[in-house]
Each structure stands twice: as C-alpha cells, then as structure tokens.
Amino acid sequence: MRNQQKITLQFTALFFVTSIFTVFFTQPSQIQALELSETMPASSIDNLQISKYLIMLGLLQVLLKIFISAWGTATIHQLSQHFQAQLSHSFTIAAKRLLGLVLINILISIPLGIGASEILVSTMTHKSPSVFSLIAVALGIFVFVRLNLLNVHYLIHNQSFNQSLRTMWQSGIKRTQHLFLYTLISYIALPLLLRQFSLWVGNNLLMEILITAIISLADVFLLIFTYRFYTIFMQQKEQ
145 MRNQQKITLQ FTALFFVTSI FTVFFTQPSQ IQALELSETM PASSIDNLQI
195 SKYLIMLGLL QVLLKIFISA WGTATIHQLS QHFQAQLSHS FTIAAKRLLG
245 LVLINILISI PLGIGASEIL VSTMTHKSPS VFSLIAVALG IFVFVRLNLL
295 NVHYLIHNQS FNQSLRTMWQ SGIKRTQHLF LYTLISYIAL PLLLRQFSLW
345 VGNNLLMEIL ITAIISLADV FLLIFTYRFY TIFMQQKEQ
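Residue numbers for the sequence shown follow the working numbering, so the first one is 145 and each next one is one higher.
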C-alpha cells in the first residue's frame, strides 16, 4: 500500500512538473505576442515565429503527457499483476510503445478533428455547417468512443498495432454504451468538474499552483480508473 501511495505521488509530481514547465515557457511568449500585436501590427514575421514556438511547446506537452500516461499505466499494470513495481521496467515498456501510442491518438482524433474544423470554419464565415462536417463529427465521436481504450490494450499486451486495433474494435461490438459512459466520465464530466473548481477558488498564483496540483492528481486517478475500466470491460467480453 505504501508503495502504491509513493508511485501515485511520483506520477502526480511528473504531471505537475510538465504542466508548470509548459506555463513557464509559454506565458512570456504569449505576453510578447500580445505586445507585438498592439505596438507593431505589421511585424507578422515575429508573430509567426512566436506562434511556431507556442505550437512546438504545445506538441511537446502533448507528447510528454502521452508518455507519462503510458509509463503510469504500465506501472499500474505491474501492480495489478502483483509484481513489485519497477519504474525502470515500465519506463522501457512505455518508450518502446510510444510511437504506436502517438499513432493511436492521431487515429482516433483525425475524424473528429476534421468535422470540428469544418464547423469552426463555417461559424467564422457565418455559414451553416455542411452535411459533410456533421457526418464527420458524428463519425469522429463514434470512432473516438469505440477506440479510446485502444492505447491501454496496445500498451500492456504484446500485440501489433493492427492486432490491437482489431481486438478493441471487435470488443466494442454491441457494447458501445459502456464505452460512451467511460468517455462521458473521463473526457466531459471530470474536466468540467475541475474547471468549475478552478473558477470557484479564484485566480491568483497560489491558487493556480494548487489547481495544477489537483489536476495532476486527477490525471493519475484517471489512469487508475481507465485501467480498471478496461480490465472489467475485457473480462465481461470473455464471459
């Protein structure tokens, strides 16, 4: 039990440091971009360079979060198998599977991203969303719901990308409602709850640090919840 608490604190700290790292490096650039837009509207080159810098930092944060989540999930899997958690071993597993996990995140996000982009462009141009964009959003939501546990399966099983994809797609047949419930809790209810809490406690440096720590802890518990849900989901399939 003490080992589990220690690991929880370790991964909470990793998520926390990643978030602070991103804020520390992006906030000065955002302020600089705002100052440039107010004082020198014609300096498009400087704004473009800052935008590229912020995009690169954003991609780095996403990549770090994917890796830390994979590392944490592999460690949780070790504990669930009643093995002594070895962070070096789970680190190696996460590193070996990182490319596949990135591809999975891209795969399940592309359809929804295309549809959302179409709707955003339509809104900005004051036009009604096209039928294609609505279909893309519906398809994107369906694919995202059906495959949002694929990363866990791919990480903890010695299967290829295609084998894992086939297994998880077949596992979701006639069971989409369970996956939808998981998606609702993990991607909508919990983020909304954390956002409401952040609005409630106020906006100052101390509170922002506290909120970041709470969100980091929530990220770890979400890994535990996701792994547990995946385990029960796959066990029910075999019955």
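Glycine included, each C-beta is placed from N, C-alpha and C at the ideal position.
Beta-carbon proximity check, residue i vs residue j, cutoff 8 Å
{"i": "Thr217", "j": "Leu367", "result": "yes"}
{"i": "Phe155", "j": "Val296", "result": "no"}
{"i": "Gly257", "j": "Ser277", "result": "no"}
{"i": "Ala222", "j": "Ser234", "result": "Inspection of the sequence shows that residue 222 is occupied by Gln rather than by Ala. Closer than 8 Å, so yes."}
{"i": "Ser274", "j": "Ser266", "result": "yes"}
{"i": "Leu245", "j": "Tyr298", "result": "yes"}
{"i": "Gln205", "j": "Thr166", "result": "yes"}
{"i": "Tyr371", "j": "Ile220", "result": "yes"}
{"i": "Lys209", "j": "Thr269", "result": "no"}
Where the alpha helix (DSSP H) through residue i begins and ends
{"i": "Ile258", "result": "Leu231 to Met268"}
{"i": "Leu291", "result": "Val275 to Leu291"}
{"i": "Asn348", "result": "Premise fails: Asn348 is in no alpha helix (DSSP H) and is neither H nor E."}
{"i": "Leu323", "result": "Thr320 to Thr327"}
{"i": "Ile300", "result": "Leu294 to Ile300"}
{"i": "Phe305", "result": "Phe305 to Ser315"}
Distance between beta carbons of residue j and residue i, contact taken as under 8 Å
{"i": "Leu361", "j": "Phe305", "result": "About 31 Å separates the two Cβ atoms, so there is no contact after all."}
{"i": "Gly316", "j": "Leu323", "result": "6 Å"}
{"i": "Leu293", "j": "Tyr374", "result": "5 Å"}
Residue i beta carbon near the ligand SAH (any heavy atom closer than 7 Å)
{"i": "Met312", "result": "Of ligands this structure carries none, so the ligand SAH is not represented either."}
> Counting Cβ pairs, one atom from each stretch, are 3 or more of them under 8 Å apart for the region 273-287 and the region 219-226?
Replying inline: In this structure the region 273-287 does not lie against the region 219-226, because fewer than three pairs of beta carbons, one per stretch, are closer than 8 Å.
>> I'd like to know if the region 208-215 and the region 238-245 are in contact, where contact means that at least 3 CB-CB pairs between them fall below 8 Å.
In response: These segments touch.
>> Does the contact criterion of 3 or more C-beta pairs under 8 Å hold for the region 352-360 versus the region 327-344?
In response: The region 352-360, when compared against the region 327-344, does touch it at the 8 Å Cβ threshold.
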